[in-house]
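Structure, as structure tokens:
In this note's numbering, the protein residues as written are 1127 to 1333.
Listed below in structure tokens is the structure:
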């Protein structure tokens, strides 16, 4: 007599003395390789399949006293294996869903961080404070120095135009501009790293 399963796997109904270690051992040796191949076909992992088969045989052995004596032992173990494979796959599905949800969350956070960085203008972080420091430094300058610097650097007048506006020589314009840059360098020194202060002052010092 054979018990036929939809998975195209058949188990011969061979009488087994469930209390006889040798008898059970023969059944184990006969069906273990076939059961492993069956399980591996679903769980796709040889070691996991071996563990599931061993657990299925062990489950029968530990519960043999409560099982109907007329049952087909091989079919019983096979049915147990089928349930264990189902539980294994369902557990994997749960873990996969959780992993996918975590991955989706991580991707969403990464995208938000990227978008935030792309929209971030570093100049905005310093602009207000730098303007305040520049304004304070300008207020501390003499009227001539402040005027020369403002007209030449902020309003784009030429050295000649500035000289004519204040009635001084172009050489004096250059001297007043150097005084202004020195004052600004002092004002920014404690706020910006040296390299950033130097870059800003280099930009301000361009004609």
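All residues carry an ideal CB built from backbone N, CA and C; glycine is no exception.
Can you give me the start and stop residues for the alpha helix (DSSP H) that residue 1290 sits inside? 1285-1292
Check whether residue 1288 and residue 1274 have beta carbons under 8 angstroms apart: yes
Is the beta carbon of residue 1291 less than 8 angstroms from the beta carbon of residue 1277? yes
Would you tell me roughly how many angstroms separate the C-alpha atoms of residue 1167 and residue 1176, rounded to the nearest one? 12 angstroms
Buried or exposed for residue 1262, going by 16 or more other Cβ atoms inside 10 Å? exposed
Following the continuous alpha helix (DSSP H) through residue 1152, name the residue where it begins and the one where it ends. 1147-1169
Residue 1223 to residue 1213 span [Cα, whole Å]: 15 angstroms
Going by beta carbon distance, what residues of the same chain come within less than 7 angstroms of residue 1221, once the five residues before and after it are set aside? none
8 angstroms contact criterion, which residue 1181 and residue 1210 should meet: CB distance rounded: 6 angstroms
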